[in-house]
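Visitor: Heads up: the sequence shown is residues -20 to -1, 1 to 229, going by mature numbering (1 follows the signal peptide of the UniProt record, and there is no 0).
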Amino acid sequence: MLARLLFLLPAMLCALGARADELTMCYDKYPPYALGEFDTVAGGGIKVRLLQEIGRQLGLAVTVKIMPWKRCLTEAKEGRVDGILPLYKTPEREQYMEFSAPVMRQYNCFLYKKSAFRGAVDWRDYDRLKTHRLGMEIGSVVDKDMEAAFMTAHPIERARDSVTLIKMIESGRIDLATIDSNVGKYLVNQQGVADAIGVSDVPIGELSYAAFGFSRAAGADRWAPDFNRVIEQMRASGLLEKIVSSEVK
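This is the structure in structure tokens:
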């Protein structure tokens, strides 16, 4: 028995070493940050490129799985993936993820049906906007005060992804939807709806920084210090800004 264990030990150590040099993260189908369809491996995107560059510098093989946002959060919480591409840090998420240093500033705004909004619009006056029906992605939390205001007038409609929200606006089911500003600008052009659907480009709530989230259950939180070291080096060299401000066609 001992001889058999000694024979298997090198193979076991090699397997552990291989897993130690691999990192699997997840993210929503959310261009320009991550490109791909649900249940596939991301084929590109700003946040994917950032992870790939950090992985290259650390000698890590990195993979990003595209999946619905709520499932992505659950997979990280339960340790079935190592983490999530840069996202907002919240007290709830900090319970099951260790966060890296911030890597990019993001904000949410409204997609809106142009024919439903005439003249000047105060996009921060939620009490006036709440007469319109609002849509949001399943599992997303944007701003509790904003959401509470809209819910006093109508239930918030939930959708699987941002493209579905656009289709709901086109069909008249909702008048506006929350979306990341960069995603909104990308999608209205990519979907060919810029004549009918606008992007408010006014932040909902406060501007926030996004950071990589590492699953505690998967033991991936140990990578946070290494990521932070590379992130700060990239910030100092200008490479971080170059990647996060790049365009995706």
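For glycine and all other residues, C-beta sits at the position ideal for the given N, C-alpha and C.
Starting from leucine 67, trace the beta strand (DSSP E) in both directions and tell me its first and last residue.
Guide: Residue mapping note: residue 67 aligns to position 87 of the sequence shown, counting from 1. Segment 63 to 68, the beta strand (DSSP E) holding leucine 67.
Visitor: Give the straight-line distance between the Cα atoms of glutamine 32 and isoleucine 149, rounded to the nearest whole angstrom.
Guide: Here the question's residue 32 lines up with position 52 in the sequence shown. Here the question's residue 149 lines up with position 169 in the sequence shown. Roughly 35 Å between the two C-alpha positions.
Visitor: Since leucine 3 sits in a beta bridge, which residues does DSSP pair it with?
Guide: To locate residue 3, count along the sequence shown from 1; it is residue 23. Beta-bridge pairing links leucine 3 to Val42.
Visitor: For the alpha helix (DSSP H) containing tyrosine 166, name the first residue and the last one.
Guide: The count along the sequence shown starts at 1 and reaches residue 166 at position 186. Element bounds for tyrosine 166: 161 to 170.
Visitor: Determine the DSSP secondary structure at alanine 139, reduced to helix, strand or coil.
Guide: Within the sequence shown, numbered from 1, the residue matching residue 139 stands at position 159. It is a strand residue.
Visitor: Quick one: give me the first and last residue of the beta strand (DSSP E) that glutamate 117 is part of.
Guide: The residue labelled residue 117 in the question sits at position 137 within the sequence shown. Residues 114 to 117.
Visitor: Could you check whether glutamate 78 and arginine 196 sit closer than 8 Å to each other, using their CB atoms as the reference points?
Guide: Residue numbering aside, residue 196 sits at position 216 when the sequence shown is read from its first letter. Residue numbering aside, residue 78 sits at position 98 when the sequence shown is read from its first letter. Their beta carbons are under 8 Å apart, which means arginine 196 touches glutamate 78 by this criterion.
Visitor: The alpha helix (DSSP H) with methionine 47 in it runs from where to where?
Guide: As a working note, residue 47 is residue 67 in the sequence shown. Where methionine 47 is concerned, there is no enclosing alpha helix (DSSP H), given that its DSSP letter is neither H nor E.
Visitor: For glutamine 86, count neighbouring C-beta atoms within 10 Å of its own C-beta (all shown protein chains included) and say buried if the count is 16 or more, exposed if not.
Guide: Locating residue 86 in the sequence shown gives position 106, counting from the first residue. With 16 or more Cβ atoms within 10 Å of its Cβ, glutamine 86 is classed as buried.
Visitor: Based on Cα-Cα distance, which residue from Ala100, Ser151 and Ser80 lies nearest to glycine 115?
Guide: The count along the sequence shown starts at 1 and reaches residue 115 at position 135. Closest option to glycine 115, Cα to Cα, is Ser151.
Visitor: I'd like the list of long-range same chain contacts for aspartate 8, defined as Cβ closer than 8 Å, with 5 residues on each side in sequence excluded.
Guide: Taking the first residue of the sequence shown as position 1, residue 8 is located at position 28. Closer than 8 Å at Cβ, skipping near neighbours: Ala14, Ile46, Met47, Pro48, Trp49, Cys52, Glu117 and Asp141.
Visitor: Consult DSSP for threonine 158 and reduce its assignment to one of helix, strand or coil.
Guide: Residue mapping note: residue 158 aligns to position 178 of the sequence shown, counting from 1. Note: threonine 158 maps to strand in three-state DSSP.
Visitor: Does the beta carbon of valine 228 sit closer than 8 Å to a beta carbon anywhere in chain C?
Guide: The structure shown contains no chain C; it is built from a single protein chain.
Visitor: Where does the unbroken alpha helix (DSSP H) through lysine 222 begin, and where does it stop?
Guide: Here the question's residue 222 lines up with position 242 in the sequence shown. Here the alpha helix (DSSP H) through lysine 222 covers 219 to 224.
Visitor: Alpha carbon to alpha carbon, how far is alanine 22 from valine 28?
Guide: By one-based count along the sequence shown, residue 22 stands at place 42. By one-based count along the sequence shown, residue 28 stands at place 48. Distance between the alpha carbons of alanine 22 and valine 28 is about 7 Å.
Visitor: Could you name the residues that DSSP lists as bridge partners for cysteine 52?
Guide: Residue 52 sits at position 72 when you count from the first residue of the sequence shown. Paired residue(s): none; cysteine 52 is not in a bridge.
Visitor: Starting from phenylalanine 97 and walking both ways along the beta strand (DSSP E), at which residues does that stretch end?
Guide: Here residue 97 corresponds to residue number 117 of the sequence shown, with the count starting at 1. Looking at the DSSP string, phenylalanine 97 is not in any beta strand (DSSP E), and its letter there is neither H nor E.
Visitor: Check whether the segment 35 to 45 touches the segment 172 to 182, taking contact to mean three or more Cβ pairs, one atom from each stretch, closer than 8 Å.
Guide: No, they do not touch.
Visitor: Please state whether the Cβ-Cβ distance between proline 66 and alanine 204 is less than 8 Å.
Guide: Start at 1 with the first residue of the sequence shown, and residue 66 comes out as number 86. Start at 1 with the first residue of the sequence shown, and residue 204 comes out as number 224. For proline 66 and alanine 204, no; Cβs fall outside 8 Å.
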